[in-house]
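Student: Before I ask anything, let me first share the structure, which is written out below as structure tokens.
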Amino acid sequence: MDLEDTLLMMPGPVTVTPRVLRAMSKPMINHRSAEFAGIYTDCREILSSVFQTKNDIFVLSGSGTAGI
């Protein structure tokens, strides 16, 4: 097994793909900007489809118990 090509899906340290590194190198988006609002709305619409719900969707940043 080549450890350089192993993708670990755990809290780290982990190998980060070039695509993720490129995304992380961009300036942060203000959470009060129109750009962020559009991205947030898109995320909610996609998640509504994934979970097949018409209920409200809230995207939270936090640990697994943050939304409880």
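Residues 1 to 68 in our numbering are what the sequence shown spells out, letter by letter.
Don't be surprised by glycine CBs; every beta carbon is placed ideally from N, CA and C.
The structure presented is a predicted model; accordingly, all values stated were derived computationally and were not measured.
For S49, which three-state DSSP category applies?
Tutor: helix
Student: Mapping the DSSP letters down to three states, classify V71 as helix, strand or coil.
Tutor: Because the chain here runs from 1 to 68, residue 71 falls outside it and cannot be looked at.
Student: Can you list, in chain order, the residues of its chain with a C-beta nearer than 8 Å to that of F51? Leave out the 5 residues immediately preceding and following it.
Tutor: Hits under 8 Å: I57.
Student: Could you compute how far the alpha carbon of C43 sits from the alpha carbon of M10?
Tutor: 23 Å
Student: Taking the Cβ atom as the reference point for each residue, do L21 and T15 lie within a distance shorter than 8 Å?
Tutor: no
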